[in-house]
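A.B. asks: Please find one structure pasted underneath; my questions will follow.
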Amino acid sequence: MNKIRAYLFAGSTLTIILVAVFLWVLNVGKPSEYTTEPFNILIILTIIAIICLAAFFARGPVFNIYGKLETVNINAILITVLVIIQIAFFFEIISVHNQILNYQVYDKIRYATTVAERSTDEDLDRDLTHLLSFSITDIMVLDEDGNVIHSSDQNLIGTLSVEDNYTFPFGDGRRIKFIIDRTYNHDELRNEILDLLTVLVTSIFFSVEIVIMMLRIIQRKIEASITDDSLGTAAVEDDQSKMISALYYIRQISFVFYFASRLSSAFIPTMAKELINPLSFISDNTAAGLPQSAETLLTCSAIFITTIILERKGWKLPFMSGLILVALGTFISAVSPNLPVFILSRAVVGLGYGLCWMTLRNLSLFGKDEKEKLLGFALLNAGIYAGMNCGSALGAILADIFGYRTVFVVSAVLTIMTSLFIIKLENSILPRKNTNNAKKGVDSLHTDTKEGKVLSSDTITFAQKIQAIIFVILMIAPASIAASYLTYYLPLYFQNMGASTTDVGRAQLIYGIIIVYAGPMLSMFLITAADKSLKTMNIVYSLMIAVSLFVPGFGSGILLPFLGAGLLGLADSFGFGVQNNYYLSLPAIEHLGASRSLSVLSFTKKMLEMIGPFVFAAAIIIGYQAGIRLLAVIFGLMAILFIILGKKKNELHHNRRP
C-alpha cells in the first residue's frame, strides 16, 4: 500500500508541475513587469500544493475498506488543488495587469507634462498634438479661470473646461488637463481577461485529462500486480482489467493524439494565405482552402485500407505509421517556403491522420461485448473533443506568442512523443467476421418494419437508392460543408477584421465545450421524446446549421461569430448521431452491413468536407457577411426541399395503397 501511495504522490506531483509549466509557457511571452510577481506566486502555490498532496497521500483516504483505490477522492483533491492554483494565478495576473495599465497612463502624463513645460507658447499646440497616444486622446492648458489657452485640438481653444482628476499644476497659475480614454484600459483589460479565461478553461481540460491518465496508468499497474500475486488462486478481476490495453487507454490515446496534432488547426488557412503563391491563377481565398482540402482528401484514402491492416497486422502498425506521417507532414509545414510545399505537407498530415483516426474508431470494436464497445465509443469521443479543445486553444495562444512555424514544430515533436505512450501497449488484431456469417449477412433478408415486408439486397429499388442520394445531397452535404466555418471561414474572417489567432482558438473551444457538455444531455432528451422521429430531428439539425451560419452574417463584430460557433456546436452535439443513424437505417445503405456502411458514411462525409473550403471561398467573394448569409439561406432552402420531397413521397406511398 505504501508503494502505491508513493506512486500516486509521484504522479500527482508530476501533474502539478506539468500544469504549472503549462501556465508559465502561455504567459512567458509577456513583458516581465506583468509576469514576475505572478510567476513567483505560481511557484509558491505549486510548492504548497505538493506539500498538501504529500500529506494527503501519506495519511488520507486513498483506499476504501476493501483495499481498492478511492478514485473519486483522489480526483477531487487533485483537481481541486489544480483549479485553486490556476484561479489564484488568474486573479494575480489580472491584478498586476490592471495596476500596470494605470501606472502606464500616469507615466505618460508625467512625460507629457515634462515635455510641455519645455515648449514655448508658439510651439506648445503642435507639441501637445505629438504627445497624444491611444490612452490620452486630448491635452489642453487652462488659465486661472479655466479657459483653454492651448490644446491638441484647436477647436477647443477659447472654451471653458472643468477640472478633474487628470488636471495638474503647470506653472504661472496655469493647469494642464489630460483627456483619458477610459475605454482603452477597459478594452486592454477585457482582452487580457478573455485570454486568461481561455487559458483557464484549457488548462482545466488539460488537468482533468492528465489526472485521469495518471490514475488509469497506476490503476492498471495495481491490477496487474494483484493478478501476478494471486496466480493459482481464485482471483477475481473486474471487467476493465480484462480489457486489452489499447481499449483500456483509448481515452488517453485519443486525447494525447488530438492534443498534439490539432495545435495548428486554428491558423492553417491564415498561414496558407500568407505564403508565396506561384499559382497566380488561384485567388488568395481559394488558395487558403487548398491545404485543408488536400488534408481531407488524403484522409479519405486511408479510410478503407486501415480496416484491412487492422485485421491483418493489428492496431499498432497503422497507428504508429499514422503518427510518423502526421509528425513528418507537420514538420514540413513548419519549413514550407511556398504554398505548393505547404499543400503537400498537409496532404501527408491527412494520410497519417486518416490512419490514426480510423484506428481509433475501430479500437472500440475490440470490446468483448456490446457494453464494452459502447464504453469504448464514449471514452473515444471524450478523449477526442478534450484533445481538440486543448490543442486548438493552446495552439492559437502559442501562435500569437511565438509564431505559426514554432507551433508546427511543437506539434510535430508532441505527435512523435505520443508513440512513447503507446509503444509498450500490447498489439491486437481486429477480429474478423466469420466468412460464412458475413456472406450470410450480405445475402440475408431485411425486414421493412414500416411496411411489414421482407427485402433482400436484390430488392433494393431505384426509389430507395434515390432516397439515399437525396439525403446525402440535401442533409449530409450542408452539415459536412459547415465544418469549414470553424477551420476555414473564422481564421480568414478574424484576420480580415484584425482580430488575433487566439480568437479563432477561443471560438473552437466554445464549439468543443458545447459538444462535450450539451451533447449527452440533448441526445438523452431527444431519445426520450417519443414523438421525435429521426427524420424530424435531422430536419431540425439542418435548420440549426443554417441559423448558426446566418447569425455571423447578420452583422459585423466579434461577438456574432462566437455565437455562430456556439450554435453550430449545439447543432452538432446531437446532429452527428441522428444523421448517422438515419443514414444507416436507409434500405439502400442498410443492406451493406454495419462495417461497410460506416466506411461509406465516413468516406462520403470526408469527401464533402474536402469541398467545404471552396464553397466558403466562393461565397465570400461577395463579402464575408453577405457570403455566409447567402450560404445559410441556401442550406435552409435545402432543408425545406427535403421536407417537401418527403411529403411528396408519403403522398405517393399513400395513394398506391389499396
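Using the working numbering, the letters of the sequence shown correspond one by one to residues 589 to 1246. Cβ coordinates follow ideal geometry from the N, Cα and C atoms, glycine included.
Going straight from the alpha carbon of T747 to that of N1084, what length do you get?
C.D. replies: Cα to Cα, T747 sits roughly 41 Å from N1084.
A.B. asks: Going by alpha carbons, who is nearest to F1059 out of I1146, I1103, L730 and A1176?
C.D. replies: It is A1176.
A.B. asks: In its own chain, which residues sit with a C-beta less than 8 Å from the C-beta of I768, not counting the 5 before and 5 after it?
C.D. replies: Correct list, in chain order: V693, S723, I724, T725 and Y754.
A.B. asks: Can you give me the C-alpha to C-alpha distance between L1233 and I681, rounded to a whole angstrom?
C.D. replies: In a straight line, the C-alpha of L1233 is about 58 Å away from that of I681.
A.B. asks: Please say whether P857 and L1080 have beta carbons closer to each other than 7 Å?
C.D. replies: It is a contact, given that the beta carbons lie within the stated cut-off.
A.B. asks: Could you tell me which uninterrupted alpha helix (DSSP H) segments, each at least 4 residues in length, are contained entirely in the stretch 845–925, listed from first to last along the chain?
C.D. replies: Whole alpha helix (DSSP H) segments, 4+ residues: 856–862, 872–901 and 904–923.
A.B. asks: Compute the Euclidean distance between the alpha carbons of F869 and A637, then round it to the nearest angstrom.
C.D. replies: If you take the alpha carbons of F869 and A637, they lie about 59 Å apart.
A.B. asks: Starting from S999, trace the alpha helix (DSSP H) both ways and give me its first and last residue.
C.D. replies: Taken as a continuous stretch (DSSP letters only), the alpha helix (DSSP H) holding S999 covers Y992 to I1010.
A.B. asks: Within the same chain, show all residues whose beta-carbon is closer than 8 Å to that of I697, passing over the 5 residues directly before and after it, in chain order.
C.D. replies: Answer for I697: I724, Y754, F756 and F766, listed in chain order.
A.B. asks: At what residues does the beta strand (DSSP E) containing V729 begin and finish?
C.D. replies: Where V729 is concerned, the enclosing beta strand (DSSP E) stretches over I724 to L730.
A.B. asks: Could you give the C-beta distance for D715 and S707, rounded to a whole number, given that I count them as a contact under 8 Å?
C.D. replies: Yes, D715 and S707 are in contact; Cβ-Cβ is about 4 Å, under 8 Å.
A.B. asks: From the DSSP secondary-structure annotation, give me the bridge partner or partners of R934.
C.D. replies: DSSP, once it has assigned bridges, lists no residue as partnering R934.
A.B. asks: Output the distance between the C-alpha atoms of V1139 and A1220, rounded to the nearest integer angstrom.
C.D. replies: Distance between the alpha carbons of V1139 and A1220 is about 9 Å.
A.B. asks: List, from N- to C-terminal side, the alpha helix (DSSP H) runs of 4 residues or more that fit wholly inside the stretch 1066–1116.
C.D. replies: Whole alpha helix (DSSP H) segments, 4+ residues: 1078–1084 and 1089–1116.
A.B. asks: Which parts of the stretch 750–797 are runs of the beta strand (DSSP E), unbroken and 3 residues or longer, counting only runs that do not cross its ends?
C.D. replies: Taking only runs of at least 3 residues, the beta strand (DSSP E) segments lying wholly in the stretch 750–797 are 755–759 and 762–768.
A.B. asks: Can you check which of these residues, I635, G917 and V616, is closest to S999 by C-alpha distance?
C.D. replies: The option with the nearest alpha carbon to S999 is G917.
A.B. asks: For a quick check, are the C-beta atoms of L1110 and S1161 less than 7 Å apart?
C.D. replies: Yes.
A.B. asks: Name the two residues that bound the continuous alpha helix (DSSP H) containing I1061.
C.D. replies: Counting along the chain, I1061 falls outside any alpha helix (DSSP H), and DSSP gives it neither H nor E.
A.B. asks: Under a three-way DSSP split, which group does I605 fall into?
C.D. replies: Reduced to three states, the DSSP call for I605 is helix.
A.B. asks: Would you kindly check if the distance between the Cβ of A1206 and the Cβ of L1218 is under 7 Å?
C.D. replies: Not in contact: L1218 and A1206 (Cβ atoms no closer than 7 Å).
A.B. asks: Could you say if the stretch 1121–1137 and the stretch 1163–1174 meet the contact criterion of at least three C-beta pairs nearer than 8 Å?
C.D. replies: Touching, per the Cβ criterion.
A.B. asks: Answer yes if the stretch 1187–1202 comes into contact with the stretch 874–891, meaning at least three C-beta pairs across the two stretches below 8 Å, and no otherwise.
C.D. replies: Touching, per the Cβ criterion.
A.B. asks: Use the C-beta contact count for T623: other C-beta atoms within 10 angstroms, 16 or more gives buried, fewer gives exposed.
C.D. replies: It is buried - the Cβ of T623 has at least 16 other Cβ atoms within 10 Å.
A.B. asks: Using 7 Å as the threshold, is the C-beta distance between F907 and C944 below it?
C.D. replies: Contact: yes.
A.B. asks: May I ask you to report which of helix, strand or coil DSSP gives V1139?
C.D. replies: DSSP places V1139 in coil when its eight states are reduced to three.
A.B. asks: Less than 7 Å separating the beta-carbons of A981 and L1097?
C.D. replies: It is a contact, given that the beta carbons lie within the stated cut-off.
A.B. asks: I'd like to check one pair, L913 with L939: are the Cβ atoms closer than 7 Å?
C.D. replies: The answer is yes: Cβ separation under 7 Å.
A.B. asks: CB-CB under 7 Å to S1068, same chain, minus the five flanking residues each way: which ones, in chain order?
C.D. replies: K1193, L1196, E1197 and G1200.
A.B. asks: Decide if S1136 is buried, meaning its Cβ has at least 16 other Cβ atoms within 10 Å, or exposed.
C.D. replies: With 16 or more Cβ atoms within 10 Å of its Cβ, S1136 is classed as buried.
A.B. asks: Please report the residue range of the beta strand (DSSP E) in which I737 lies.
C.D. replies: V736 to S739 is the span of the beta strand (DSSP E), which, as asked, contains I737.
A.B. asks: Taking 6 Å as the limit between beta carbons, can you name the residues of its chain near S1072, skipping five residues before and five after?
C.D. replies: Cβ neighbours of S1072 beyond the five flanking positions: G1200, P1201 and F1204.
A.B. asks: In terms of alpha-carbon separation, which member of G1143, F678 and Y992 lies closest to I920?
C.D. replies: Minimum Cα distance to I920 is reached at Y992.
A.B. asks: In its own chain, which residues sit with a C-beta less than 8 Å from the C-beta of R762, not counting the 5 before and 5 after it?
C.D. replies: Around R762: V729, L730, D731, E732 and I737.
A.B. asks: Going by beta carbon distance, what residues of the same chain come within less than 8 Å of I864, once the five residues before and after it are set aside?
C.D. replies: For I864, where only same-chain residues beyond five positions count, the Cβ hits under 8 Å are P925, N926 and L927.
A.B. asks: Helix, strand or coil for L596 per DSSP?
C.D. replies: Correct three-state label for L596: helix.
A.B. asks: How far does the alpha helix (DSSP H) with G1165 in it extend, from its first residue to its last?
C.D. replies: That run of the alpha helix (DSSP H) goes L1147 to S1173.
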